[in-house]
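Just so you know, the working numbering puts 265 at position 42 of the sequence shown, and the rest follows in order with no gaps.
Think of the CB as a built atom: it goes at the ideal place given N, C-alpha and C, for glycine as much as any other residue.
Structure first, commentary second.
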Amino acid sequence: GEWLVNDERTEPLNGLMFAVNMLVNTESGDTFSFNEIKRWLEEAGFKNARTLEAPGPSPLVLATKA
Numbered sequence: 224g225e226w227l228v229n230d231e232r233t234e235p236l237n238g239l240m241f242a243v244n245m246l247v248n249t250e251s252g253d254t255f256s257f258n259e260i261k262r263w264l265e266e267a268g269f270k271n272a273r274t275l276e277a278p279g280p281s282p283l284v285l286a287t288k289a
């Protein structure tokens, strides 16, 4: 799973706190916005990136291999 944050990296609080935890406890850990993940998916040849609300703190990120 992934804790998604907004593009401005100002919310949600749980995602931001997880980013701090990753920064403190890993070499280069972070959390990312949907648009960052979407860009990576498109660069890897995926299309139609979207989110799907699911139980839990963050939505699922789905994409189709082009």
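> When you compare only the Cα positions, how much space is there between Met-240 and Pro-282?
Replying inline: The residue labelled residue 240 in the question sits at position 17 within the sequence shown. The residue labelled residue 282 in the question sits at position 59 within the sequence shown. In a straight line, the C-alpha of Met-240 is about 17 Å away from that of Pro-282.
>> By the DSSP assignment, the alpha helix (DSSP H) with Ala-242 in it spans what residues?
In response: Mapped onto the sequence shown, residue 242 falls at position 19. Looking at the DSSP string, the run of the alpha helix (DSSP H) that includes Ala-242 is 236-248.
> What do you get for Val-247, buried or exposed, if any count of 16 or more other CB atoms within 10 angstroms of its CB means buried?
Replying inline: One-based indexing of the sequence shown puts residue 247 at position 24. Classification for Val-247: exposed.
> First and last residue of the beta strand (DSSP E) that includes Arg-262?
Replying inline: Taking the sequence shown and counting its residues from 1, one reaches residue 262 at position 39. Taken as a continuous stretch (DSSP letters only), Arg-262 belongs to no beta strand (DSSP E), being part of the alpha helix (DSSP H) at 257-266.
> Expressed to the nearest angstrom, what Euclidean distance is found between the alpha-carbon atoms of Arg-273 and Met-245?
Replying inline: As a working note, residue 273 is residue 50 in the sequence shown. As a working note, residue 245 is residue 22 in the sequence shown. Taking the straight line joining both Cα atoms gives about 25 Å.
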